[in-house]
Amino acid sequence: MRLAGSIHCSFAAVLLCIAACDAGVSHAAKPASAPTPAPVPKNARYKDASQPVEARVEDLLARMTLAEKIGQMTQAERAEARPGDVTALMLGSVLSGGGSGPSPNKPESWASMIDAYQDAATATRLGIPVIYGIDAVHGHQSVIGATVFPQMIGLAAAGDADLMKRIGEVTAREMAATGIYWNFSPMVAVTQDIRWGRAAESLGEDAATVGTLATAYVGGLMAPIAPDSAQILPTAKHFIGDGGTAWGSSRQSIMGVQYRLDQGDAQGDSEALLARYLPPYKALIDAGTGSVMASFSSWNGDKLHGNNALLTGVLKERLGFKGFVISDWDGIQQLPGSFEQQVTTAINAGVDMAMVPKDYRAFVRVLTDAVNKGSVPQARIDDAVRRILRAKFAMGLFEHPRALRSLQAEFGGAAHRAVAREAVAKSATLLKNAGALPLARGKSIFVAGEFADNLGFQSGGWTLQWQGVSGNGEIAGTTLLEGIKQVGGATTAVSFKEDGKLDGRADVGIVFVGEPPYAEGVGDRDIDELALDRREVSAIDAMRSRVDKLVLVVVAGRPQLLDKVIDKVDAVVMAWLPGSEGAGLADVLLGDKPFTGRLPVGWPASAAGYQRADAPLDMRCTSLVWALGDGMDVSGKALGPGRCTR
Ligand code: BGC
Ligand code: BGC
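Just so we're aligned, residue -1 is where the sequence shown starts under our numbering, counting upward by one.
See below:
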């Protein structure tokens, strides 16, 4: 079988034909020495979109100098590398770190910025397009005006594969409008510990759900965007074992915060760990995911970035992954030794492209030396570059490297926001209801809490800034409070005061509590730190004495400890971190839509006796107030069996 000429072939199809192409177009005999740069003919085979991907890869690779190859393996940060650096070093990739973007932050400025990198890349001898990467982890949420979807944990509660696919499609379209075709998403950690600061970015504690939903999402990300568009390259991250690290095992400290779980150590029998954490990777690779990001974390004491047995042995050999491995942000520099030793170890372990935001020049220099000395084999370089080029060809980037400006008209538009609103409604998880919900129109509602009217807070980490933002200034959307007013309509009298000390009485009160935004290990919390704070408890008390029915809404990326307040409220709704479309929550609170959310992680009853998801089941179940899979409709009927349902 030969690969059909279409450039819109899926990555999966490309992988299928690799074996066949291997037999036909042999690359076994490639010389290891650097070919002399020569002008490239216009009709070079790699430029011909009708040629099979593998043939294009081999043709191009054979023309490349060592410098061009190492350039492909290098990823710099946009604030550190100018377009001229892309030309000079022939860089393969540029990224935006969290919150790093052009000013003004508008789709059009993103498109111009990235097209400038693209022009700089295509100006090189071989004209290999640069691949620009970003964390579009809950929509394209680095860009002002984007549709901000619920964080992944909420989408896991929704548990709707078709919805995941549509979210992937919308995200892809908003990315392409800005010229970005590489998404560092989905994160497929199987979260064992809600104390982890990245639990919100995850699809929960159940590996099968993680795999199914991430696969559907990737299907949407990779769906054809337009006839003249490249396809999005998704990233399965962080390989492997993040989400299951041991408490206190992290050595990282950023912004004065000592990490406790994030970037820590996954401990236990290796095959048992793989049985838990590998299945989502297998699912995503089978679905054609072309890049995998290495984890900052360690595996029984060994940093993943230097772990040949896992990156090469398990990922590339056992799973047959033919895409490329990207290192995480300065992750190579966390290995022991000098920078040269770190680079040598990482590349020999199987890292194909290095995320070296600031250190890209040094990386190029040091890797070149290492190859010249023979400490990194030429064959390893060729393998890495093959993988990167394969992804670039398969996604159609050579033919369609530029921003799809025609899509800017629909950026953050009504059709996209409708999908997000649906996701908010479907993710809302009802955990308790003593006759408080649904709210009837025509009644009076008191609203309290600092999470009621704050788009930054309801969107969480990675939104506009790495650690998220506070307030309604920059995110286009509807707050949860505005949503209630909108959906409640003119007949519903809604009054809001943050501390709940409103004048008079109302039929219903809603208190919004939660966690201010954070990202990564900055959000690692000990279990007792997940309790409501004093102001939240006092808002609940203030409201309790003023209303007939009291609803507690939690706006957070993970369960919060409710043992001190649960008996004071008539209903509990977990809203997760819903993102920009707050009206979606009102849709379920007011009964226009049914509650369908079910917990993707167990909910601890209290700080005492906390158990991780990987604790023995009976111990775990005893420690929870609600388990994986719990959630009900307004009549109190369970929506399905929970993990601890007898
Ligand atoms: C995170 C990754 C992210 C990368 C680029 C790292 O700190 O661990 O998940 O993709 O930064 O922003
Ligand atoms: C970047 C993130 C990155 C983090 C790691 C931040 O400055 O914006 O993308 O994950 O640093 O330290």
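In this text, a Cβ means the ideal position worked out from N, Cα and C, and glycines have one as well.
- Taking C-beta atoms under 8 Å as the contact rule, Asp350 and Ala382 qualify, at a distance of about 4 Å.
- Here the distance from the Cβ of Gly95 to the nearest heavy atom of ligand 1 is below 8 Å.
- When DSSP states are grouped into helix, strand and coil, Met220 belongs to the coil group.
- Shown here, Val146 sits in coil according to DSSP, grouped into three states, outside any helix or strand.
- Closest in alpha carbon position to Asn181, among Ser91, Leu161 and Ala224, is Ser91.
- Counting only the Cα atoms, Tyr179 lies some 17 Å from Ala285.
- Within the DSSP secondary-structure output, Tyr279 pairs in no beta bridge.
- The beta carbon of Ala121 is closer than 7 Å to those of Thr85 in its chain, skipping five residues each way along the sequence.
- Here the C-alpha atom of Leu429 lies approximately 16 Å from the C-alpha atom of Ser604.
- In the DSSP annotation of this structure, the continuous segment of the beta strand (DSSP E) that includes Ala446 starts and ends at Ser442 to Ala446.
- For Leu387, the enclosing alpha helix (DSSP H) stretches over residues Gln376 to Ala392.
- Between the C-alpha atoms of Asp267 and Asn298 there is a straight-line separation of about 9 Å.
- Uninterrupted beta strand (DSSP E) stretches at least 3 residues long and entirely within the region 548 to 631 occur at 569 to 572 and 622 to 624, given in chain order.
- In the structure shown, Asp83 adopts helical secondary structure according to DSSP, grouped into three states.
- Taking a contact to require three or more Cβ pairs closer than 8 Å, the region 526 to 533 and the region 470 to 478 do not qualify as touching.
- Between ligand 1 and the CB of Lys235, the shortest heavy atom gap is smaller than 8 Å.
- Distances taken from the Cβ of Glu518 to the heavy atoms of ligand 1 include one shorter than 8 Å.
- Gln256 counts as exposed, since fewer than 16 other C-beta atoms from the protein chains shown sit within 10 angstroms of its C-beta.
- By the neighbour-count criterion, in which 16 or more other beta carbons inside 10 Å mark a residue as buried, Asn431 falls on the buried side.
- Note that the region 509 to 520 touches the region 438 to 455; at least 3 beta-carbon pairs, one per stretch, sit closer than 8 Å.
- Note that the region 292 to 306 touches the region 238 to 248; at least 3 beta-carbon pairs, one per stretch, sit closer than 8 Å.
- The beta carbon of Met253 sits closer than 7 Å to the beta carbons of Val520 from its chain, once the five residues preceding and following it are set aside; these are given in chain order.
- Apart from the 5 residues on each side of it in sequence, Val312 sits with its Cβ closer than 8 Å to the Cβ of Ile238, Leu272 and Leu276 in its chain, given in chain order.
- In this structure, Trp180 has its beta carbon at no less than 8 Å from each heavy atom of ligand 1.
- Looking at the backbone, the Cα of Ser457 and that of Leu575 are separated by about 5 Å.
- Judged by DSSP in its simplified three-state form, Ser296 adopts strand.
- In this chain, the beta strand (DSSP E) harbouring Asn431 covers Thr427 to Asn431.
- In the structure shown, Val511 falls within a strand segment according to DSSP collapsed to helix, strand and coil.
- Linking Ser373 to Val599 through their CA atoms gives a straight-line distance of about 45 Å.
- For Leu93, the enclosing beta strand (DSSP E) stretches over residues Ser91 to Leu93.
- The continuous stretches of beta strand (DSSP E) do not include Thr189, and DSSP gives it neither H nor E.
- Secondary structure note for Lys371: its alpha helix (DSSP H) is the uninterrupted segment Tyr358 to Lys371.
- Taking 8 Å as the cut-off, the C-beta of Asp326 counts as close to a heavy atom of ligand 1.
- Residue Gln331 holds the alpha-carbon nearest to the alpha-carbon of Pro355 among Trp194, Lys314, Asp367 and Gln331.
- In chain order, Val188, Arg274, Tyr275, Pro277 and Pro278 place their CB closer than 8 Å to the CB of Ala205, counting only its own chain and leaving out the 5 sequence neighbours on each side.
- In the three-state reduction of the DSSP assignment, His236 falls in the strand class.
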